[in-house]
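I have placed the structure first, in the form of C-alpha cells, so that the comments after it can refer back to it.
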Amino acid sequence: MSGLRIEELPDRLVVTLDRPEKRNAIDADLVAELHEVCAELEARPRLLLLTGGAEGIFAGGADIGQLRERGRTDALAAINSAAFARIRALPMPSVAAVDGPALGGGAELAYACDLRVCTARAVFGQPEVRLGILAGAGATHRLPALIGEARAKELLFTGRRVDAAEALRIGLVNRLVDEPGELLTVAHGLLDEMAQGSPLALRLTKLAVDAPAAAHPQLDLVSQAVLFEDEEKHRRMTEFLQRRRAR
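Counting from 1 along the sequence shown, just add 8 to a position and that's the residue number in the working numbering.
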C-alpha cells in the first residue's frame, strides 16, 4: 500500500495514514486501501487502531483537487462515505488516535471509529459549507449522535473548528493526552482494556450498541442467548468465582 502503513499485532491492526506530502488528504487511492483493510478485518475480526503518520497531522480532509472535479455521479457513488461506513460496521471496535488537524473528510474518518483519543494540538472541523458542499461522508448523522443535534448543527452550519479541550468537554473524544509522544501509548492502553474482555462478547456488544432502536430488546436477548452458551463465558465466570472464594 502506498497511502497506508500497516502493522499487524496478534489482537489488532495498526493502520497509519502515510501521505505526509499531502497532509494525509483522503483521495480515491487511499479510500481503496481503506476498503482493503476493512476486507481483512471482516475476514479475520480484530481491533483497529487508526492514526496519522506525519507528526502533527491526522488528515487534512478530502483531496480538494480531486473533489473539485467530481460530479453528481461521483457523489452518488459514495466514494468516501461507503469506506467510512464500512469502518463503522467493522465487527470489532476501532480507535482513532488524532494528533493535529482532523478536518472535513479527515474528521469524518475519525467519527467513523468507535472511540477517539487525541493530543492537545488536535483540531476538528467541518469546513464543507465554505467550499460549496456538505459534509457528506458521515458527519451529518454521526456528529449529532456524538455531541447532540444543536452543537452538531452549529459546527456543520458555520465550519467552526473545535480544539482538543472543547472536543473532550463536548464528548467528541474519549481521552486527551498532553504530549504527542503519549498518544499511541494511551490509544493502545484503551484497546488493551477492551482486549481483556471476551472477543465474542465485545463483538456482540458493538453490534447491539450500533443497531437501530427498533432492534432492541430482541437483539439483546438473542445476543445474550448466544453468549450464555459460549464456553468462554463459563470459563470466565468460573475464574471470577474462584478468585472471590480465594479472597
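We treat Cβ as the ideally placed atom computed from N, Cα and C, and that holds for glycine.
Test item: CB-CB of residue i and residue j under 8 Å
{"i": "residue 127", "j": "residue 28", "result": "no"}
{"i": "residue 154", "j": "residue 184", "result": "no"}
{"i": "residue 38", "j": "residue 11", "result": "yes"}
{"i": "residue 109", "j": "residue 131", "result": "yes"}
{"i": "residue 174", "j": "residue 107", "result": "no"}
{"i": "residue 93", "j": "residue 43", "result": "no"}
{"i": "residue 111", "j": "residue 182", "result": "no"}
{"i": "residue 259", "j": "residue 61", "result": "This structure cannot speak to residue 259, because the chain is shown only from 9 to 255."}
{"i": "residue 70", "j": "residue 34", "result": "yes"}
Where residue i falls, given that 16 or more other Cβ within 10 Å makes a residue buried
{"i": "residue 202", "result": "buried"}
{"i": "residue 149", "result": "exposed"}
{"i": "residue 101", "result": "buried"}
{"i": "residue 85", "result": "exposed"}
{"i": "residue 224", "result": "exposed"}
{"i": "residue 147", "result": "buried"}
Cβ-based neighbour list, residue i, same chain, cut-off 6 Å, excluding 5 preceding and 5 following
{"i": "residue 216", "result": "227, 228 and 231"}
CA nearest to the CA of residue i, picked from the options
{"i": "residue 133", "options": "97, 105 and 172", "result": "172"}
{"i": "residue 145", "options": "18, 175, 160 and 114", "result": "114"}
{"i": "residue 139", "options": "59, 72, 213 and 45", "result": "72"}
{"i": "residue 141", "options": "195, 158 and 167", "result": "167"}
{"i": "residue 95", "options": "118, 170 and 61", "result": "118"}
{"i": "residue 77", "options": "164, 36 and 15", "result": "36"}
{"i": "residue 135", "options": "120, 211, 163 and 157", "result": "163"}
{"i": "residue 51", "options": "74, 32, 65 and 21", "result": "21"}
{"i": "residue 32", "options": "80, 41, 66 and 120", "result": "66"}
{"i": "residue 16", "options": "223, 54 and 47", "result": "54"}
{"i": "residue 197", "options": "23, 57 and 40", "result": "57"}
Residue i in three-state terms, based on DSSP
{"i": "residue 126", "result": "strand"}
{"i": "residue 132", "result": "strand"}
{"i": "residue 65", "result": "coil"}
{"i": "residue 111", "result": "strand"}
{"i": "residue 192", "result": "helix"}
{"i": "residue 73", "result": "helix"}
{"i": "residue 169", "result": "coil"}
{"i": "residue 95", "result": "helix"}
{"i": "residue 34", "result": "strand"}
{"i": "residue 15", "result": "strand"}
Residues near residue i by beta carbon distance below 8 Å, same chain, minus five either side
{"i": "residue 206", "result": "235, 238, 240, 241 and 244"}
{"i": "residue 218", "result": "96 and 97"}
Own chain, CB closer than 7 Å to residue i, minus 5 neighbours either side, in chain order
{"i": "residue 159", "result": "178"}
{"i": "residue 192", "result": "59 and 105"}
{"i": "residue 186", "result": "128"}
{"i": "residue 176", "result": "184"}
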